[in-house]
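Just so you know, the protein sequences line up as chains A and B, in that order.
Position 165 of the first sequence, counting from 1, maps to 165 under the numbering used here, and the rest follow consecutively.
Position 82 of the second sequence, counting from 1, maps to 82 under the numbering used here, and the rest follow consecutively.
Remarks on the structure that follows.
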Amino acid sequence: MEPLKKLHSQFSGRVHFVDVIVRQAHPGPGAPTYHSQEEKLKHARSYRQEHTIPWIIAADDLGGTVHQQYGGMADPTYLIDVDGRVAFYNMWTYVPALHEALDDLFAQSGRGVVHGGIDRTPYMLPALTCGWPGLAKGLPQSLVEMETAFPGTGVGVWAGYQLRPLLAPMAQRTEALPTAAKVGLVAGASALATFGIIHLAKRGRS
Amino acid sequence: MQAAREQTTVSPSSDYMDWEKDTETYNYDHFRTQHFLYDVKATVAGHGVQPGDLAPDFSLPATEGTLQLSELRGKPVLLHFGSPT
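What follows is the structure, given as structure tokens:
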């Protein structure tokens, strides 16, 4: 949520930000499944206050009618142009991509398809580094069910949250890493992997 | 009722879109592999409103009154769907 809040402040007054609360993605004792749209709206209000979210949050109905009209993905963001048409569809919300798409949209007077129109990349790093507080609300059920559904993901979210001081500079960005930094990261990771393989090979021979 | 609900939610033979059409299975009590797989399959399919299409209008209760999407025209809209958990 923090990168979106930064993006909001960068485009303050020029873009309407809207959130639609869909369902409890990882229900549990502290985050029970909603039983009415009113309950969703009440939670939207407290969630907005708790996280000091400066934009409006709408509550979809229990069946997620609006959410499903827009594809039903877990965490998507649409950019809609000044005429009400979809300019960009970020299937897995990633703020640097949204930032670039918004820049492109303003460069063409707020109209038309931008930034390739659709980004399907499953950006996992932001969820890994900031997903734990949400998941923790439903403990222990939420963690057990996530681990059962896809082993390693629940623990991964916990570990990512513990490592957020290290990962946040990459995961919580509002702008894409410069090309030189990407090259450096790939080169560093490759060097580490090569070093590890050589080290293991030497140990295997001795 | 609960048993029937669970069966519908976790049925491996159900089409990945079908379970989303049912309120009780959409608003699930338990997160399952099928929910994760839905996102994977939808991503591959590029499922959702396509770029260039008119964004479906809606009117929903919101933290400040009622939100009518079409009333926001004139400025770009960033529309995010998400869950508190």
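Just so you know, even glycine gets a beta-carbon here, dropped at the ideal spot from N, CA and C.
Next on the checklist: Would P61 of chain B and L102 of chain A be called neighbours here (beta carbons separated by less than 8 Å)?
Outcome noted: no
Checklist entry - Name the DSSP beta bridge partners of R85 of chain A, please? => result B:L54
Checklist entry - Is there at least one non-hydrogen atom of the ligand NAP closer than 7 Å to the beta-carbon of A62 of chain B? => result Ligands displayed in this structure: none; no statement on the ligand NAP is therefore possible.
Checklist entry - Around the C-beta of S70 of chain B, are 16 or more other C-beta atoms found within 10 angstroms, so that it is buried, or is it exposed? => result exposed
Next on the checklist: I'd like to confirm the pairing. Which residues does DSSP put opposite Q68 of chain B in its beta bridges?
Outcome noted: B:S59
Checklist entry - At least one CB of chain A closer than 8 Å to the CB of M1 of chain B: is that the case? => result Caution applies to M1 of chain B, whose pLDDT of 39 falls short of 50 and renders its modelled position unreliable; the model cannot decide the point.
Checklist entry - Of all the alpha helix (DSSP H) runs that stay within the bounds of the segment 7-85 of chain A, which reach a length of 4 or more residues? => result 37-50 and 65-69
Checklist entry - What in chain A is Cβ-close to K75 of chain B, meaning under 8 Å? => result R14, V15, H16, V82 and G110
Checklist entry - With which residues is V77 of chain B paired in a DSSP beta bridge? => result A:H16 and A:I80
Item to check | Three-state class that DSSP yields for D39 of chain B in the structure shown | outcome: helix
Item to check | The alpha helix (DSSP H) enclosing S212 of chain A, as first and last residue numbers | outcome: Missing from the structure shown is residue 212 of chain A; chain A here goes from 1 to 206 and no further.
Next on the checklist: Taking its Cβ as the centre, do 16 or more other Cβ atoms sit within 10 Å of E50 of chain A, making it buried, or is it exposed?
Outcome noted: exposed
Next on the checklist: Determine, for Q162 of chain A, whether the minimum Cβ-Cβ distance to residues of chain B falls below 8 Å.
Outcome noted: no
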